[in-house]
Amino acid sequence: MDPLTARWRPEFPGLDRHIYLNTCSLGQLSQRSVAAMHRFMDLWADLGASAWYEIWLGEVAEARARFARLIHAQPHEVALLPSVSVALSVIGSSLDYSQRPQVVVTEMDFPTVAYPWLARAREGVQVRFLPAPDGVHVPLEAFQEAIGPETALVATTHVFFTSGWIQDLRAIARLAHAAGALCLVDGYQAVGQIQVDVKAAEVDIYIGGGLKWLLGGPGAVFMYVREELIPQLEPTTTGWFATQEMFRFDPRSFQWAQDARRFEPGTPALAAVFAANAGMSIVEQIGVPAIRARTQALVADLVARLREAGLQPRMPEDPERHAGIVMVPVADPPGAVQALRRGQIIVDHRPGALRISPYFYNTEAENQALVDTLSALERRP
Ligand SMILES: Cc1ncc(COP(=O)(O)O)c(C=O)c1O
């Protein structure tokens with residue numbers, strides 16, 4: 000077995016119960032995250048509310064700092080939020096659409112990327128969807144053609160959730176900036192499994208979180224906002240955590256915090272923060288380059304085995320533009336997911352195709368077991 004995989008498999012006991020090839024929906028639960036959540040509960044029982052000031056706010060600060068390191072940002076540029084949707088809604092409430100009513104998204108983005116702007120139709124916001132003719136990627140020319148003086152924001156994705164395509168963020172950010180627009184990126188399918196450098200990418204806003212490749216479970220999402228941009232954004236989807244002096248408890252005075260906390264409306268879900276911090280610490284310990292190399296090897300292995308069995312994955316041709324998501328068109332995707340589940344193999348489906356996502360803790364033998372079961376299913380009359 001690959002040494003990295005062999006070293007880390009025992010950390011994830013769920014891997015002994017089934018073949019798990021679905022990290023792009025939900026990363027595996029680590030023993031480290033379990034221990035962290037137990038620590039949270041012990042502190043709750045032992046210290047009650049005094050755990051807040053003494054320890055819990057420290058855990059939140061550590062989680063922000065760890066996420067910042069993973070994307071090459073600074074901790075004060077990172078806000079903690081409960082979901083990508085909330086993060087997008089907070090940004091949606093911070094923009095002025097009077098001179099620039101347009102928001103550019105792509106049809107490959109996760110639907111929640113478009114919704115906060117579709118929901119603002121009565122404020123005059125217009126959403127422009129860029130097509131993906133091959134169902135895998137959106138050509139840069141489409142961004143170039145769509146972005147203009149009426150564009151307030153380009154909101155798109157780092158790794159597409161139904162193709163694994165890695166977008167060229169710097170090229171997109173430059174097109175947005177050349178037209179005076181901002182560039183927001185949903186990196187939920189990217190951080191952890193591929194290198195992210197928000198400064199090199201020149202993006203304004205970047206969202207990631209624990210759920211998938213950071214191994215942290217649901218409930219902790221992090222949003223980077225470029226330092227210089229923070230004071231220019233005044234969210235109206237807000238609350239007491241966003242204020243400069245939240246512990247003054249003065250309902251009459253409202254002033255946004257100077258750092259990215261201004262995007263945090265209220266009390267964070269602490270159990271989720273403990274789990275996410277532990278998950279991120281594993282990613283940090285292994286190192287993203289090693290994770291990426293192992294995941295790329297597993298993806299190449301899976302694709303070769305699928306093709307050998309006569310199945311035809313739909314994916315980017317260039318492995319450097321392809322992250323750990325492999326789509327396989329099949330006759331009945333939900334039926335195939337259920338049949339595989341009965342064989343203790345967990346994958347997912349999206350319209351028209353199975354979605355398979357190996358991560359560093361998977362093995363080539365698991366790839367083969369999936370391909371054997373799937374090809375038997377597809378051969379059935
Ligand atoms: C790319 C991407 N963005 C966002 C989401 C979900 O967003 P939220 O945290 O609002 O549920 C998903 C899936 O869970 C996703 O794959």
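Under numbering that gives the first Met the number 0, residue 380 is the last one in the sequence shown; the count climbs by one each step, no gaps. Every residue gets a Cβ at the ideal spot worked out from N, C-alpha and C, and that includes glycine.
Cβ neighbours of residue i in the same chain (closer than 6 Å, five flanking residues each side left out)
i: Ile345; result: His17, Tyr19 and Asn21
i: Glu244; result: none
i: Phe159; result: Met107
i: Trp239; result: Met245
i: Ala50; result: Leu42
Residue i burial status per 10 Å Cβ neighbour count (16 or more: buried)
i: Ser24; result: exposed
i: Ser162; result: buried
i: Arg306; result: exposed
i: Phe66; result: buried
i: Asp95; result: exposed
i: Glu53; result: exposed
i: Glu144; result: exposed
i: Gly57; result: exposed
i: Leu232; result: buried
i: Leu79; result: buried
i: Gly13; result: exposed
i: Pro264; result: buried
i: Ala277; result: buried
i: Gln101; result: buried
i: His348; result: buried
i: Gly286; result: exposed
i: Gln284; result: exposed
i: Gly47; result: exposed
i: Pro115; result: buried
i: Gly123; result: exposed
i: Glu227; result: exposed
Pair within 7 Å by beta-carbon distance, residue i and residue j
i: Gly323; j: Ser280; result: no
i: Gln192; j: Thr111; result: no
i: Ala154; j: Leu129; result: no
i: Gly342; j: Thr362; result: no
i: Ala200; j: Arg169; result: yes
i: Ala178; j: Ile229; result: no
i: Val126; j: Ala141; result: no
i: Ala352; j: Pro332; result: yes
i: Ser29; j: Glu10; result: yes
i: Gly26; j: Leu310; result: no
i: Thr156; j: Ala180; result: no
i: Arg8; j: Tyr360; result: yes
i: Val298; j: Pro312; result: no
i: Val202; j: Ala172; result: yes
i: Ser88; j: Thr237; result: no
Of the residues the options, the one placed nearest residue i, counting alpha carbons only
i: Ala219; options: Ala60, Leu14, Trp7 and Trp51; result: Ala60
i: Ala62; options: Gly208, Val329 and Phe262; result: Gly208
i: Ala35; options: Ala270, Gly147 and Val287; result: Ala270
i: Gln367; options: Ala352, Ala308 and Ala113; result: Ala308
i: Val272; options: Ala64, Phe11 and Leu14; result: Ala64
i: Phe262; options: Gly13, Glu10, Ala241 and Asp133; result: Ala241
i: Trp255; options: Ala274, Pro234 and Leu214; result: Pro234
i: Leu210; options: Val202, Thr105 and Gly186; result: Gly186
i: Phe221; options: Trp55, Pro81, Arg379 and Pro312; result: Pro81
i: Phe246; options: Glu227, Thr236, Thr266 and Leu232; result: Thr266
i: Glu106; options: Ala131, Trp51, Ala120 and Ala289; result: Ala131
i: Pro315; options: Asn276, Met0, Phe253 and Pro138; result: Pro138
i: Arg378; options: Gln337, Pro350 and Ala330; result: Ala330
i: Gln337; options: Ala299, Leu376 and Phe359; result: Leu376
i: Gln257; options: Ala296, Pro74, Arg349 and Val202; result: Pro74
i: Ser97; options: Gln194, Leu152 and Val104; result: Leu152
i: Pro318; options: Ala292, Val195 and Thr237; result: Ala292
i: Ala268; options: Pro2, Trp55, Thr4 and Pro350; result: Trp55
i: Val83; options: Asp167, Pro328 and Gln188; result: Gln188
i: Pro148; options: Arg99, Gly123 and Arg119; result: Arg99
i: Val282; options: Glu365, Val190, Pro250 and Ala5; result: Val190
i: Val104; options: Pro350, Ala175, Asp133 and Val327; result: Ala175
i: Gly134; options: Phe248, Ser374, Asp167 and Val327; result: Val327
Heavy atom of ligand 3 within 6 Å of residue i beta-carbon
i: Asp371; result: For ligand 3, the structure offers nothing, since it holds only ligand 1.
Own chain, CB closer than 8 Å to residue i, minus 5 neighbours either side, in chain order
i: Leu369; result: Ile18, Leu20, Leu301, Leu339, Ile344, Val346 and Ile355
i: Arg320; result: His136, Trp164 and Ile165
i: Ala86; result: Ala78, Leu80, Ile206, Val220, Met222 and Phe262
Close Cβ partners of residue i (< 7 Å) along its chain, the five nearest in sequence each way excluded
i: Tyr223; result: Ile70, Ala72, Glu76, Val77, Val197, Ile204 and Tyr205
i: Ser93; result: Leu232, Glu233 and Pro234
i: Arg260; result: Ala78, Phe240 and Ala241
i: Phe39; result: Leu269, Ala270 and Phe273
i: Ala289; result: Leu3
Exercise. In the segment 204-248, which residue ranges form an unbroken alpha helix (DSSP H) of at least 4 residues, counting only runs that do not cross its ends?
Worked result: none
Problem set entry | Secondary structure, beta strand (DSSP E): runs of 3+ residues fully inside the segment 298-367 | 325-328, 347-349 and 352-355
For this session: Taking only runs that begin and end inside the segment 71-143, name each unbroken beta strand (DSSP E) of 3 or more residues, in chain order.
Result: 77-80, 101-105 and 125-129
Problem set entry | Length-filtered (3 minimum) beta strand (DSSP E) runs lying within the segment 147-197 | Counting only runs of 3 or more, we get 150-156 and 181-185.
Problem set entry | 4 or more residues per run - each alpha helix (DSSP H) lying fully within the segment 21-74 | 30-46 and 56-70
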